[in-house]
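Input: a single structure, listed below in structure tokens.
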Amino acid sequence: MSIGKVILLILGVLGIFVGFSLLMSGGTLIWFDRTTKDSEGYYTTNTIELERDSYALVSQPAEITVSGALIEEWSHLATFRVEGVSNNGSKGIFIGIAREEDARQYLDGIRHDEIVDFEIDSAEVDYVRIPGYQKPPPPTAQTFWVETANGSGSQDLCWKLESGSFVL
Numbered sequence: 093m094s095i096g097k098v099i100l101l102i103l104g105v106l107g108i109f110v111g112f113s114l115l116m117s118g119g120t121l122i123w124f125d126r127t128t129k130d131s132e133g134y135y136t137t138n139t140i141e142l143e144r145d146s147y148a149l150v151s152q153p154a155e156i157t158v159s160g161a162l163i164e165e166w167s168h169l170a171t172f173r174v175e176g177v178s179n180n181g182s183k184g185i186f187i188g189i190a191r192e193e194d195a196r197q198y199l200d201g202i203r204h205d206e207i208v209d210f211e212i213d214s215a216e217v218d219y220v221r222i223p224g225y226q227k228p229p230p231p232t233a234q235t236f237w238v239e240t241a242n243g244s245g246s247q248d249l250c251w252k253l254e255s256g257s258f259v260l
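Counting in my numbering, the sequence shown tops out at residue 260, every number present.
Shown next as structure tokens:
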């Protein structure tokens with residue numbers, strides 16, 4: 093076998109490996125797209141039920157950075173969505189996103205729970221109780237919220253990502 097044929101054989105085998113890798117990667121992306129996208133085009137996770145007896149339930153701060161020409165150009169495609177339902181039909185539900193500092197000031201002295209860890213696959217959620225004795229003013233009367241959804245029944249909050257430190 094000549095050196096030319098050996099080189100062609102090696103290139104052919106490498107081409108097969110690259111092609112197979114691309115095929116598997118594409119198949120995985122198609123599977124992910126088909127199994128995690130809802131009817132409205134959002135990528136979703138399993139439903140996680142959250143129930144606490146405090147005035148508020150908040151997430152840990154999320155530091156979001158939207159920078160660079162390419163990222164800023166495409167940032168309008170990234171929307172964060174949360175759906176909530178009150179477990180008490182006679183009470184409404186409030187869902188809000190706020191800058192971390194604004195939320196901390198609002199919750200200062202108010203008993204609330206903070207989600208410190210959760211597993212999407214098992215729906216396990218770990219909380220930390222933040223003690224307090226004051227009753228908070230109605231969240232709907234506050235002007236610092238970046239985005240809100242409130243009322244009775246199912247509520248959807250949709251928010252286009254922006255840079256900063258935010259809590260839900």
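By construction, the Cβ of each residue, glycine as well, lies at the ideal position given by its N, Cα and C atoms.
Quiz item: By DSSP, does LYS183 sit in helix, in strand, or in coil?
Solution: Under the three-state reduction of DSSP, LYS183 is assigned to coil, being neither helix nor strand.
Practice problem: Work out the CA separation of LEU121 and THR128 for me, nearest whole Å. | Solution: Spanning the two alpha carbons is a distance of roughly 11 Å.
Quiz item: What are the boundary residues of the alpha helix (DSSP H) that GLU254 is part of?
Solution: For GLU254, no alpha helix (DSSP H) encloses it, and the DSSP letter there is neither H nor E.
Quiz item: Going by DSSP, which residues form a beta bridge with LEU249?
Solution: BP columns for LEU249 point to VAL174.
Practice problem: Go through its chain and collect everything with a Cβ distance to SER269's Cβ below 6 Å, but skip five positions before and after it. | Solution: With the chain covering 93 to 260 only, the question about residue 269 has no answer from this structure.
Quiz item: Cα-Cα, which of ASP200, VAL220, CYS250 and TYR219 is closest to GLN226?
Solution: Checked all of ASP200, VAL220, CYS250 and TYR219; the closest Cα to GLN226 is ASP200.
Practice problem: Express the C-alpha separation of SER117 and ILE99 in angstroms, rounding to a whole number. | Solution: Cα atoms of ILE99 and SER117: separation of roughly 27 Å, rounded to the nearest angstrom.
Quiz item: Count the other CB atoms within 10 Å of the CB of TRP237; is the residue buried (16 or more) or exposed (fewer)?
Solution: Result: buried.
Exercise. Would you give the residue range spanned by the beta strand (DSSP E) that LEU100 belongs to?
Key: No beta strand (DSSP E) contains LEU100, which is instead part of the alpha helix (DSSP H) from 95-128.
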